[in-house]
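In my numbering, the protein residues as written are 13 to 105. Idealized CB from N, CA, C, for every residue including glycine. Accompanying notes for the structure given below.
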Amino acid sequence: GQPLGGQLAHWRDNNGHEVDVVLTLDDGRWGAFEVKLNPDDVEPAADSLLRFAQKVDTSVIGPPSFLAVVTTRAAAVRRPDGVLVLPVATLGP
13 GQPLGGQLAH WRDNNGHEVD VVLTLDDGRW GAFEVKLNPD DVEPAADSLL
63 RFAQKVDTSV IGPPSFLAVV TTRAAAVRRP DGVLVLPVAT LGP
């Protein structure tokens, strides 16, 4: 996050729901990641991200720029619900 001018954080509510990474850029844009090594965990991770996005007060911080699940799948896709599924290999050299 820092090379992009932002910060990384972890989020957890009182009920134990959590998001692995929340990236907030200095200009106020933000997005959230779930990291799942097992591709079979993509569906519940995407559902978790969507629930998280519904809990956020977007009148204060705006809507997320993206919601993404990072996994070991070979191809990047945008699901019909808008959640990105990103291969871990796309995130670095």
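DSSP puts residue i in a beta bridge; with which residues?
i	result
residue 43	35 and 78
residue 19	36
residue 89	97
residue 83	99
residue 24	30
Does residue i pass the burial test, meaning 16 or more other C-beta atoms within 10 Å, or should it be called exposed?
i	result
residue 54	buried
residue 74	exposed
residue 67	exposed
residue 86	exposed
Write down the C-beta distance between residue i and residue j rounded to the nearest angstrom, noting that I regard them as a contact closer than 8 Å.
i	j	result
residue 60	residue 29	7 Å
Does any residue of chain C bring its CB to less than 8 Å from the CB of residue i?
i	result
residue 60	The structure shown contains no chain C; it is built from a single protein chain.
Going by CA-CA distance only, name the one from the options that's closest to residue i.
i	options	result
residue 36	26, 79 and 49	79
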